[in-house]
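Colleague: Protein chains in written order, with this note's numbering: chain L, 1 to 345; chain P, 346 to 645.
One structure, as structure tokens, below. Some questions next.
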Amino acid sequence: MTNGFHGVGGDSDSDSASSFGSEPVTAAQARELKNKEIDFLKGHCQAHQTTAPPRPPQLPGRHCLVTVGATAGFRSLLEEVSSAGFLVCLACHGYATLELQCGPDLDTISARVARLTDEERCGISVVCFGYTTEMQSHILVCRGEANVRPAGCVISHGGTGTVGEVLSVGAPLIVVANSTLMDNHQLELAESLENEGRAVVGHLGTLVNAVDIIADRITQGTLDALPPYCPPSFPVSAADRVTLFDWMVLTCYPAEFAAQMNALNQAVPAANLANARLQQPGRNGNRLPEAVNNQGDNGMLQLDLEPETGLAAPPGAGDGIQNGDRNAPIVNGNGYFINGMVQPN
Amino acid sequence: MDQIVREMVEDFGPDRFAFFVYLGLTGIIIVSIVGFFLLSWSWITAIVLVFITFLVWRHLSLYSEHPRPQTGRRWITRRDPSTPNTAGLPAVYFLYILGSGGHTTEMLETIRRKFAPQTNLHRRYLVTTGDTDSLHRVAQLEALIRRCFPDARAGTMDAFRVPRARRVHQPLWTAPLTCLGTAIAAVNALTREPDARPSTRHGGQFKYPHVVLTNGPATGFIVCLVAHLLKLLYVVPPSRLKMVYVESWARSRRLSLTGRLFWWSGIADLFCVQHEELASRLGARAVFVGSVAERLAPPG
């Protein structure tokens, strides 16, 4: 099992395999060592190739995109992915292109890539750029679609913008947390995504393992043959629209707010009135008739409607519920209460 | 389309209201300095104590009027499109505070997910100086809105630039200086009436934003602090400048630094989190709203 290849990438100043021994090595010996590493890696890849996903010959090669975001740089990630060992691994899995979005480190990384020999590149074309406003188009090339292109992968820092965009496009994702940022907050996102199975966490030094895992997922799943991408519609459908902030605007007009709450109250079927608890903000807000309002505190816009259809309450939704199942809020995966009239999708 | 946004971005422009605020502040500072030298210590202590008590009392009275979810219940974002109906209101004025990078992406996604065409809409964006990427993306979103609704239902918009409260990797001890710069510009951004909605046509309905929405950058906290101060001192009526803080979608276990500041200071009218785990950890005051900032994935 191969472990970290720190020596392969080396530091930004030199490519010599200085981590393999403390005595100074000549340039020839360094090249020799490096070729041995590459052969070792190719051997490792051969072992993996039997399970590598077969690539239909008429489709282009897989596309790998590495992005460090638009705000802070992430030089260590870029150095690892521009190293020979990583390129060998990509070539073994059928990748033909590697795109590096370098951010502030464009010059350093371009120089580093230019120094790679043809043998180290293994036939992969490496492209570097600094920033882009069309990140969506770069990510789209990594999404596998039936008869168009095989699935690639996106290796990204742990920023919510990039990660959200990659997940919404449907490309395989490797998240590498940038630990230099404030209290390593990117690690939290990376781990929660891995728990949900939507991404693979990559660690600096062992990115080849993450690429292997992605290759396994591609073989086992349908990532190579997704339908053509269609972006979400705008404006979003009324069922998906977030109305929370409109409630806040309504609270700025107390009279209108009260009127709409009353109208809402009227619309609720009489059988549900006993379960609906409607409150209004402020100590002097209008109170509802006593028959409905049995909470004395100045609570807030809470709306628990008993559904008319028999949707089962998810387990664990019952904290603080007094009356058992009849008052259990019905929640779908997005955290929205479902009005009984709306059909679940 | 980008040009439209660039024309509308204003720095500290001529505005009588903000000017009077600064004039008043300078006057108060001068009077305080003079009083410090002329009055005895007991007087100074008494005045300072009275002032602090007043501020604390005001803060608590505003805090008690915050909407608060009941214990054990969760907030609802209704799927019934008929309520809430804001189309009949005289004004719907949102202020969006854009940080950089992922903050902007989340905020723009939230705006996309909540947009409904109405003629009484006004959107004001706060971008930080030097953040051209956010400005560009705002221009793209606005162009999209105008393409979908070429008539007046797209609403109006403008954008303001404020100095950044804290750059990435900036040491925290230098933050107070930069935050002061942000605060000074924030007064202008909060109180300047939109040019597209003058009071001659709309009364004073568009004078102050109804809802200030922010999701994480330090600039957001400073601007909300200034807004809170304006409400404390009776400059802005309490039915305006409602502050909503939405914690980032990336935060499922711990609050960010800005989130912690909002939580402990209690200035947000609504404190939203996007993960249930975090909501249960925080307690009743936090509202779980689901993923309002995540782009909906296509089927397949």
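C-beta atoms are modelled at their ideal positions from N, C-alpha and C, and glycine is treated no differently.
#1: Is the Cβ of residue 104 (chain L) closer than 8 Å to any Cβ of chain P?
#2: From the DSSP output, which residues share a beta bridge with residue 587 (chain P)?
#3: Check whether chain L comes within 8 Å of residue 503 (chain P), counting only Cβ atoms and requiring the distance to be less than that.
#4: In three-state terms, what does DSSP make of residue 124 (chain L)?
#5: Say whether chain L places a C-beta atom closer than 8 Å to the C-beta of residue 626 (chain P).
#6: When the Cα atoms are used, what is the spatial distance from residue 258 (chain L) to residue 401 (chain P)?
#7: By alpha-carbon positions, which one of P:520, P:504, P:503 and P:377 ends up nearest to residue 510 (chain P)?
#8: Look at the alpha carbon of residue 577 (chain P) and the alpha carbon of residue 111 (chain L), and state the distance between them as a whole number of angstroms.
#9: Kindly list, in the order they appear in chain L, the residues whose Cβ is closer than 7 Å to that of residue 461 (chain P).
#10: Determine the direct distance from the alpha carbon of residue 81 (chain L) to that of residue 617 (chain P), and round the result to whole angstroms.
#11: Pull out every residue of the region 251-262 of chain L whose Cβ sits closer than 7 Å to any Cβ of chain P, in chain order.
#12: On the three-state DSSP scale, how would you describe residue 31 (chain L)?
#13: DSSP three-state label for residue 453 (chain P), please.
#14: Can you pull the chain P neighbours of residue 67 (chain L), defined as C-beta to C-beta under 8 Å?
#15: Could you say if the region 215-233 of chain L and the region 403-410 of chain P meet the contact criterion of at least three C-beta pairs nearer than 8 Å?
#16: Please report how far the alpha carbon of residue 420 (chain P) lies from the alpha carbon of residue 634 (chain P), in whole angstroms.
#17: Given 8 Å as the limit, is there contact between the region 199-210 of chain L and the region 617-632 of chain P, that is, 3 or more CB pairs closer than that?
#18: With a threshold of 7 Å on Cβ separation, who are the neighbours of residue 91 (chain L) within its own chain once the five nearest residues in sequence on each side are excluded?
#19: Taking C-beta pairs closer than 8 Å, name the residues in chain P that residue 150 (chain L) reaches, listed in chain order.
#20: Across the region 466-484 of chain P and the region 577-597 of chain P, are there enough close Cβ pairs to call them in contact, namely three or more that are closer than 8 Å?
#21: Which residue or residues does DSSP assign as beta-bridge partners of residue 469 (chain P)?
#22: Please state whether DSSP places residue 296 (chain L) in a helix, a strand or coil.
#23: Considering only their Cβ atoms, is the gap separating residue 448 (chain P) from residue 249 (chain L) smaller than 8 Å?
#24: Would you verify that the beta carbon of residue 185 (chain L) is, or is not, closer than 8 Å to some beta carbon of chain P?
#25: What are the residues of the region 578-591 of chain P that lie near chain L, defined by any Cβ-Cβ distance shorter than 8 Å?
#26: Is there a Cβ of chain L sitting closer than 8 Å to that of residue 558 (chain P), yes or no?
#27: Got a sec? Which residues, its chain only, sit under 7 Å from residue 640 (chain P) by beta carbon, not counting five neighbours each side?
#28: List the DSSP bridge partners of residue 62 (chain L).
#29: Whole angstroms are fine: how far does the CA of residue 443 (chain P) sit from the CA of residue 127 (chain L)?
#30: With DSSP collapsed to three states, give me the class of residue 434 (chain P).
#31: Answer with yes or no whether the minimum CB distance from residue 424 (chain P) to chain L is below 8 Å.
#32: Within 8 Å, do at least three Cβ pairs link the region 183-196 of chain L to the region 97-110 of chain L?
#33: Under 8 Å between beta-carbons, which chain L residues line up against residue 524 (chain P)? List them in chain order, please.
#34: Just to confirm before moving on: does the CB-CB distance between residue 537 (chain P) and residue 501 (chain P) stay below 8 Å?
#35: Figure out for me which residue from P:432, P:483, P:438 and P:461 has the closest Cα to the Cα of residue 446 (chain P).
#36: Excluding the five sequence neighbours on either side, which residues of its own chain have a C-beta within less than 8 Å of the C-beta of residue 583 (chain P), listed in chain order?
Modeller: In short:
#1: Interface with chain P (8 Å Cβ-Cβ cutoff): residue 104 (chain L) is excluded.
#2: Answer is P:556, bridged to residue 587 (chain P).
#3: By this cut-off, residue 503 (chain P) is not an interface position.
#4: Here residue 124 (chain L) sits in coil by DSSP.
#5: Output row for residue 626 (chain P): interface = no.
#6: So the two alpha carbons sit approximately 30 Å from each other.
#7: A check of alpha carbon separations from residue 510 (chain P) across P:520, P:504, P:503 and P:377 identifies P:520 as the nearest.
#8: Straight through space, the alpha carbons of residue 111 (chain L) and residue 577 (chain P) are spaced by roughly 56 Å.
#9: Within 7 Å Cβ-Cβ: 235 and 241.
#10: Residue 617 (chain P) and residue 81 (chain L): Cα-Cα distance of roughly 38 Å.
#11: Cβ contacts with chain P: 251, 252, 253, 256 and 260.
#12: In this structure, residue 31 (chain L) counts as helix in the three-state DSSP scheme.
#13: In the structure shown, residue 453 (chain P) sits in a helix (DSSP, three-state: H, G or I).
#14: In chain P, no part has a C-beta under 8 Å from the C-beta of residue 67 (chain L); the shortest such distance is about 12 Å.
#15: Contact between the region 215-233 of chain L and the region 403-410 of chain P is absent, because fewer than three Cβ pairs lie under 8 Å.
#16: Caution is warranted here: a pLDDT of 43 is assigned to residue 420 (chain P), below 50, making its placement in the model unreliable, and the coordinate value is therefore given only provisionally. Inter-residue distance for residue 420 (chain P) and residue 634 (chain P) is about 7 Å (C-alpha atoms, whole angstroms).
#17: Taking a cut-off of 8 Å on C-beta distances, the region 199-210 of chain L does not touch the region 617-632 of chain P, as fewer than three cross pairs fall below it.
#18: Excluding sequence neighbours, residue 91 (chain L) sits near 122, 123 and 124.
#19: For residue 150 (chain L), there are no neighbours in chain P by C-beta distance under 8 Å, as the nearest C-beta there is about 16 Å away.
#20: No contact exists between the region 466-484 of chain P and the region 577-597 of chain P.
#21: BP columns for residue 469 (chain P) point to P:440 and P:503.
#22: Residue placement at residue 296 (chain L) cannot be trusted, given a pLDDT of 28 that sits under 50; what the coordinates show is reported in the next sentence. The answer is coil: DSSP assigns residue 296 (chain L) none of H, G, I, E or B.
#23: Going by C-beta atoms, residue 249 (chain L) is not nearer than 8 Å to residue 448 (chain P).
#24: Closer than 8 Å to some Cβ of chain P, the Cβ of residue 185 (chain L) qualifies, so yes.
#25: Close to chain L, meaning a Cβ-Cβ distance shorter than 8 Å, are the following residues of the region 578-591 of chain P: 584, 585, 587 and 589.
#26: Closer than 8 Å: yes.
#27: Closer than 7 Å at the Cβ level, and outside the excluded window around residue 640 (chain P), lie 454.
#28: The partner list for residue 62 (chain L) (beta bridge, DSSP) reads L:95.
#29: Spanning the two alpha carbons is a distance of roughly 31 Å.
#30: Coil.
#31: A caution first: residue 424 (chain P) carries a pLDDT of 46, below 50, which makes its placement in the model unreliable, though a value can still be read off. At a cut-off of 8 Å between beta carbons, residue 424 (chain P) contacts chain L.
#32: Not touching, per the Cβ criterion.
#33: Residues of chain L with a Cβ closer than 8 Å to the Cβ of residue 524 (chain P) do not exist, since the nearest Cβ in that chain sits about 16 Å away.
#34: Contact flag unset, no.
#35: Cα-wise, what sits closest to residue 446 (chain P) is P:483.
#36: If the five residues before and after residue 583 (chain P) are omitted, its C-beta is found closer than 8 Å to the C-beta atoms of 407, 410 and 576, all from its own chain and listed in chain order.
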